[in-house]
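For the sequence shown, our numbering begins at 79 and goes up steadily by one.
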Amino acid sequence: MHRCLLVPEILEHIFSDVYPSGTEGGSQYYWKDDSIPPERRVSRRSLASLCRACRSFKDVALDVLWAELETLEPLFTCLPRDLWCHGTKIIMKRPVTPADWSIFEQYAYRVRVLGDKDSDLFGDIDKELIEAMISFSSKFLLPNLRALCCGSCPHGLHSCMHYFLGPNLVDLRLLSKTGQFWNNAICSVLSRGLGSYSPRLKTIVLHDTSPQVTELALSMLPILQSVTLGVLSDKILSFISRLVDLEVLDIKILDDLRGTKVQFSANLCKLIIRADTLTLSVNALEGWGVKCGVLQLISNIPETSFDVENVLRKLSNHALCNGLEVIQLHTPGSVGHNHYTFHTGTFTTFLRFFTALLRFSGLKRIHLSTFCMSWLDDGALGSIVRPLPHLEELVIGTRYFWLTPPNITFKGIVTVLSSRPNLRVLGLVFDATKLGPTTPTQMLGDGICNTKITSLRVGFSPIEQNTWSSSRALGDLAVLERDSP
């Protein structure tokens, strides 16, 4: 901690360590895919105790405690008890007064982040109480709100949405799957343009809406840096191509887009494409002049090894590959034990698959945790990693249990470590049941040690001996992550 920090700043750092909140390290991290762990609620209660422990802690601790809310409900339950009662809903018992609004305001200005992908934005608050409180607000209910995630919103409160769209909002995620929400709440807001409410928006997520709504949303937001969309059209692609600051594009492909007329071009840090198959994702790129550092393809339907090989070959011939550092391919699992993607594959097929990968010599990260690599042996693994001099992360086949046992042994892992000393993340399925008397360093000579890898992901690897000598080859290995079938 810097010696020049003032006491309130030091306290803020301490309290933020107790309960990370606000726009840095808080609940926004869990808006994408993950559920909020119960430990966060324990930390929140600990911070609330600190508020009551010392008067000098109160203001700083309250700033951290109220920086983020899943729903508006806590703001209303802080109001005088003679104003409301809690039955099936939090209902109003008497008219709201300026004194009530003053209490609400002293907490509302602290809120920076509101919402959750699985929560009702308004919680259990009755519509009458919400509208009564809003009547005291000149423009914005939460004037300092910077991030809003709307998982759902009651039909009767759709008209209240614009009270959250203030000038400080930079992150907006609208995830409702209700058609009435998009028709009533959002279209009324979009008629003036999102930019007129929140001109500083940098991140926008729009799911399950129509192309017309998406076009309206993007039309007045010129400084967007991250865009996630559930639908595409020529006009939408045209809007996106004008976003000069765009860094992250996450799109869902519902149909084959090879018939689109717009020649979309962009320089991105990260491109995410979600589609039924990897083939459909790659077909969407035809005619696009897109370059990116990170490419993530997410599919819903497993494909054969030949299909995946064709996907990589198409990518290798695409201008997108110039400068590509990270490739992540995600495919779904089947019911029970998995044996897909390469269930009819041969050793030759695997080599062809990875030969296509070798075109990307600048790759730093390869994540193929959902792909079966049981036919790879130690020699083939070495031939894969040697042409990738910048490789820092390698994860293959650790997600599922495979019916075909792995051919890679601990010797293959040592081969990887010796040829790629800069590895920070390693995940491989290998056979550790046939270890002989030799140690890993005797296999390839002394001096093989990687101190950057602190955990080794081995998935469902058959490991019956816990005596194998990893301590010298992986000097700082602290965790061995292994799943049980």
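Just so it is clear, CB atoms sit at the ideal spot from N, CA and C, and this is done for glycine as well.
With H, G and I counted as helix, E and B as strand and the rest as coil, what does DSSP make of isoleucine 490?
Strictly speaking, residue 490 in this sequence is glycine, with isoleucine absent from that position. In the structure shown, the three-state DSSP call for glycine 490 is helix.
In this structure, does DSSP put glycine 505 in helix, strand or coil?
strand
If you compare alpha carbons, which of Leu128, Val492 and Leu220 is closest to glycine 460?
Of the listed residues, the one whose Cα sits closest to glycine 460 is Val492.
Just verifying my parser: in three-state terms, what is the DSSP assignment at valine 248?
coil
State the start and end residues of the unbroken alpha helix (DSSP H) segment that holds isoleucine 462.
456-463
Proline 410 to phenylalanine 384 span [Cα, whole Å]:
17 Å
For the stretch 166-180 against the stretch 216-232, are there 3 or more C-beta pairs whose distance is under 8 Å?
The stretch 166-180 is not in contact with the stretch 216-232.
One or two residues paired with serine 284 in a DSSP bridge
Note that residue 284 is leucine in the sequence shown here, rather than serine. Answer by DSSP bridge pairing, in chain order: Leu252 and Leu307.
Give every residue of the same chain whose Cβ lies closer than 6 Å to the Cβ of methionine 451, excluding the five residues on either side of it in the sequence, and list them in chain order.
Ile474 and Gly475
Residues that glutamate 381 bridges to, as DSSP identifies them:
Glutamate 381 pairs with nothing; no bridge assigned.
If you count every other CB in all the chains shown that lies within 10 Å of the CB of aspartate 141, and 16 or more means buried, which is it?
buried
Kindly list the residues whose CB is nearer than 7 Å to the CB of phenylalanine 154, restricted to its own chain and excluding five residues on each side of it in sequence; keep chain order.
Trp162, Ile168, Ile203 and Leu207
So what does DSSP say about alanine 353, is it helix, strand or coil?
strand
Output the boundary residues of the alpha helix (DSSP H) element that contains serine 274.
272-275
Rounded C-alpha distance that separates leucine 250 from arginine 278:
11 Å
In terms of residue numbering, what span does the beta strand (DSSP E) encompassing methionine 211 cover?
For methionine 211, there is no enclosing beta strand (DSSP E); the residue is part of the alpha helix (DSSP H) that begins and ends at 205-212.
At which residue ranges does the stretch 128-153 contain complete alpha helix (DSSP H) runs of 4 or more residues, listed in the order of the chain?
136-143
Would you call the CB atoms of methionine 211 and phenylalanine 242 closer than 8 Å?
no
Per-residue burial, asparagine 566 [other beta carbons within 10 Å of its own, 16 or more giving buried]
Shown here, the chain extends from 79 to 563; a query on residue 566 therefore has no answer.
Between the beta-carbon of proline 351 and the beta-carbon of serine 343, is there less than 8 Å?
The residue asked about is misnamed: residue 351 is isoleucine in this sequence, not proline. The answer is no: Cβ separation not under 8 Å.
Around the C-beta of proline 518, are 16 or more other C-beta atoms found within 10 angstroms, so that it is buried, or is it exposed?
Note that proline 518 scores a pLDDT of 47, beneath 50, so its modelled location is shaky; the value from the coordinates is reported in the next line. If you draw a 10 Å sphere on the C-beta of proline 518, you find 16 or more other C-beta atoms in it, and that means buried.
Give a yes or no on whether the C-beta atoms belonging to leucine 143 and leucine 125 are separated by under 8 Å.
yes
What distance in whole Å lies between the Cβ atoms of lysine 530 and arginine 498, which are believed to be in contact at a cut-off of 8 Å?
That belief does not hold up - the Cβ atoms of arginine 498 and lysine 530 are roughly 10 Å apart, past 8 Å.
Alpha carbon of serine 648 to alpha carbon of cysteine 156, nearest angstrom
There is simply no residue 648 to check, as the chain begins at 79 and stops at 563 in what is shown.
Is it true that the CB of leucine 247 sits closer than 8 Å to the CB of cysteine 227?
No; because the gap between Cβ atoms is not below 8 Å, this pair is not in contact.
Is it right to say serine 216 is buried, meaning 16 or more other beta carbons lie within 10 angstroms of its own, or is it exposed?
By the Cβ-count criterion, serine 216 is exposed, with fewer than 16 other Cβ atoms from all chains shown falling within 10 Å of its own Cβ.
Consider the C-beta atom of aspartate 202 and the heavy atoms of the ligand SAH; say whether any pair is separated by less than 7 Å.
No copy of the ligand SAH appears in this structure; indeed no ligand is present at all.
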